[in-house]
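Enquirer:
Listed below in structure tokens is the structure:
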């Protein structure tokens, strides 16, 4: 926890030497000269503040991207609401801060202006927060297995030393090292049976936990089996089968009976957007283009 407080030092310094004296100067004549001096450097201070904020916004955005990556280790689907709200929050704040910085630079170049720049920023924040409130109503929760949090936070906070040691130990131990090559091969065979015979991937909300329960192993073991032995993450592994199912049905003539989107949903995809994205990623062409190529091949 102590390390987290270090990040607040600039805030406390700013509050003690800028915010508090400026606030006092509005009602106490003793601080009036301080306020006049502050106005001379206000734009410079604002630029420094914004740079400080942008650094944290950048690392926050990197964290969101890392969570997106780890999410693929646990779920076979993605919805647009999972982390979209967090991305909007960070990118929106960054855009407003950049604009505020440009306004400060403008004020330094043209010190005499007839309109209040601060009002523009205030209205932008009001509109932005209203938008975030609307988007937040549709925000989905993300539930990740605990062992995956070690991938998001490689160095857990020192205040939670017991949990930190637990995660460190989990990360260092290879769960499948206790199994023989024969047992690992049997696990793979059981996994392929669930996918190829039982077609468990048709469950559009299939998660790492669901598949681990079917295999009667832990999520950690299944994740290691996929990553270390099959060299693929859970998201891509399951969607490979879904794409193959769509291709099989299109080539089998289902496109004459059902819509492309209907086939996609029956194959385990949750949305048109995710289907188009994954299909193009796996085949190099859009689903509609792939369907046209099949129809063209059937023409004598």
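In the working numbering, the protein residues as written are 858 to 1157.
Just so you know, even glycine gets a beta-carbon here, dropped at the ideal spot from N, CA and C.
#1: From residue 1101 to residue 1036, what does the alpha carbon distance come to, in whole angstroms?
#2: If we call anything under 9 Å between Cβ atoms a contact, is residue 1126 one with residue 1135?
#3: Can you tell me where the alpha helix (DSSP H) with residue 913 in it begins and where it stops?
#4: By the DSSP assignment, the alpha helix (DSSP H) with residue 1122 in it spans what residues?
#5: Decide yes or no for the touch test of the segment 1044 to 1055 against the segment 1078 to 1088: beta carbon pairs closer than 8 Å, at least 3 of them.
#6: Scan the segment 1031 to 1078 and note each continuous beta strand (DSSP E) run of 3 residues or more that stays entirely inside, going in chain order.
#7: Taking buried to mean at least 16 other C-beta atoms within 10 Å of its own C-beta, is residue 1106 buried or exposed?
#8: When you compare each of 1118, 1056, 908, 873 to residue 891 by their alpha carbons, which one comes out closest?
#9: What's the gap between the Cα of residue 885 and the Cα of residue 964?
#10: Should residue 1129 be labelled buried (16 or more other beta-carbon atoms within 10 Å of its own) or exposed?
#11: Please work out which residues of its chain come closer than 7 Å, Cβ to Cβ, to residue 1108, disregarding the five sequence neighbours upstream and downstream, and give them in chain order.
#12: On the premise that residue 1059 lies in contact with residue 1124, defined as a C-beta separation below 8 Å, what is that separation, rounded to the nearest angstrom?
#13: So residue 880 is in the alpha helix (DSSP H); what residue range does that whole segment cover?
#14: Would you identify the three-state DSSP class for residue 951, choosing helix, strand or coil?
#15: For residue 1118, which residues of its own chain have a beta-carbon under 7 Å away from its beta-carbon, when the five flanking residues on both sides are left out?
#16: Between residue 1098 and the rest of its own chain, which residues show a CB-CB distance below 6 Å, the 5 nearest in sequence each way excluded?
#17: Applying the 10 Å Cβ sphere with the 16-neighbour rule, what's the burial state of residue 827?
#18: DSSP on residue 965, reduced to helix/strand/coil?
#19: What separation, rounded to the nearest whole angstrom, lies between the Cα atoms of residue 1115 and residue 923?
#20: For residue 968, which residues in the same chain have their Cβ closer than 8 Å to its Cβ, ignoring the five residues on either side in sequence?
#21: Once the 5 residues before and after residue 1089 are set aside, which same chain residues still bring their CB inside 7 Å of it?
#22: Going by CA-CA distance only, name the one from 1132, 1066, 1076, 982 that's closest to residue 1103.
#23: Going by Cα to Cα distance, which pick from 945, 959, 966, 956 is closest to residue 987?
#24: Given this structure, state the Cα-to-Cα distance separating residue 905 from residue 1078, to the nearest angstrom.
#25: Distance check for residue 983 and residue 990, CA to CA, integer angstroms please.
#26: Closest by CA to residue 1086, which one among 1061, 1146, 1038?
#27: When burial is assigned at 16 or more other CB atoms within 10 Å of the CB, is residue 1094 buried or exposed?
#28: Where does the unbroken alpha helix (DSSP H) through residue 871 begin, and where does it stop?
#29: Please work out which residues of its chain come closer than 6 Å, Cβ to Cβ, to residue 1139, disregarding the five sequence neighbours upstream and downstream, and give them in chain order.
#30: Might you give, ordered along the chain, the residues of its own chain that have their beta carbon closer than 6 Å to the beta carbon of residue 981, omitting 5 neighbours on each side?
#31: Taking the C-alpha atoms as reference points, what is the distance between residue 910 and residue 1096?
Expert: A quick look at the data gives this:
#1: The residue labelled residue 1101 in the question sits at position 244 within the chain shown. The residue labelled residue 1036 in the question sits at position 179 within the chain shown. Whole-angstrom Cα-Cα distance: 31 Å.
#2: Position 269 of the chain shown, counting from 1, holds the residue named residue 1126. Position 278 of the chain shown, counting from 1, holds the residue named residue 1135. For residue 1126 and residue 1135, yes; Cβs fall inside 9 Å.
#3: As a position in the chain shown, residue 913 is number 56, starting the count at 1. Taken as a continuous stretch (DSSP letters only), the alpha helix (DSSP H) holding residue 913 covers 889 to 928.
#4: As a position in the chain shown, residue 1122 is number 265, starting the count at 1. Run containing residue 1122: 1117 to 1123, per the alpha helix (DSSP H) assignment.
#5: yes
#6: none
#7: Translated into the one-based positions of the chain shown, residue 1106 becomes position 249. By the 10 Å Cβ count, residue 1106 comes out buried.
#8: For this step, residue 891 is matched to residue 34 along the chain shown. Out of 1118, 1056, 908, 873, 873 has the C-alpha closest to the C-alpha of residue 891.
#9: On the chain shown, position 28 is the one that residue 885 refers to. On the chain shown, position 107 is the one that residue 964 refers to. So the two alpha carbons sit approximately 28 Å from each other.
#10: Position 272 of the chain shown holds residue 1129. Flag for residue 1129 reads exposed.
#11: Indexing the chain shown from 1 puts residue 1108 at position 251. Here the set comprises 1151.
#12: On the chain shown, position 267 is the one that residue 1124 refers to. On the chain shown, position 202 is the one that residue 1059 refers to. Contact flag correct, Cβ pair sits at about 7 Å.
#13: Counting from 1 along the chain shown, the entry for residue 880 is found at position 23. Residue 880 -> alpha helix (DSSP H) spans 877 to 882.
#14: For this step, residue 951 is matched to residue 94 along the chain shown. In this structure, residue 951 counts as helix in the three-state DSSP scheme.
#15: Numbered from 1 along the chain shown, position 261 holds the residue referred to as residue 1118. The residues are 1129.
#16: As a first step, residue 1098 must be located in the chain shown, where it is residue number 241. Same-chain partners within the cutoff: 1052, 1058.
#17: Residue 827 lies beyond the range of the chain shown here (858 to 1157); nothing can be said about it.
#18: As a position in the chain shown, residue 965 is number 108, starting the count at 1. Looking at residue 965 - three-state DSSP - the assignment turns out to be helix.
#19: Start at 1 with the first residue of the chain shown, and residue 1115 comes out as number 258. Start at 1 with the first residue of the chain shown, and residue 923 comes out as number 66. Residue 1115 and residue 923: Cα-Cα distance of roughly 38 Å.
#20: As a working mapping, residue 968 is identified with position 111 in the chain shown. Counting only Cβ-Cβ distances below 8 Å, and skipping sequence neighbours, we find nothing.
#21: On the chain shown, position 232 is the one that residue 1089 refers to. 1083.
#22: As a first step, residue 1103 is located in the chain shown; it is residue number 246 there, counting from the start. Residue 1132 is the option with its Cα nearest to residue 1103.
#23: Reading the chain shown from its first residue, position 130 is the one you call residue 987. Looking at the Cα atoms, 945 is the closest of the given residues.
#24: Here residue 905 refers to the residue found at position 48 of the chain shown. Here residue 1078 refers to the residue found at position 221 of the chain shown. Taking the straight line from one Cα to the other gives about 48 Å.
#25: The sequence position of residue 990 within the chain shown is 133, counting from 1. The sequence position of residue 983 within the chain shown is 126, counting from 1. Cα-Cα distance, rounded: 11 Å.
#26: Walking along the chain shown from the start, residue 1086 turns up at place 229. Nearest of 1061, 1146, 1038 to residue 1086, Cα basis: 1038.
#27: Locating residue 1094 in the chain shown gives position 237, where the first residue counts as 1. Residue 1094 is buried by the Cβ-count criterion.
#28: By one-based count along the chain shown, residue 871 stands at place 14. Element bounds for residue 871: 866 to 871.
#29: Indexing the chain shown from 1 puts residue 1139 at position 282. 1100.
#30: Numbered from its first residue, the chain shown carries residue 981 at position 124. Result list for residue 981: 953, in chain order.
#31: Taking the chain shown and counting its residues from 1, the one referred to as residue 910 is at position 53. Taking the chain shown and counting its residues from 1, the one referred to as residue 1096 is at position 239. Distance between the alpha carbons of residue 910 and residue 1096 is about 38 Å.
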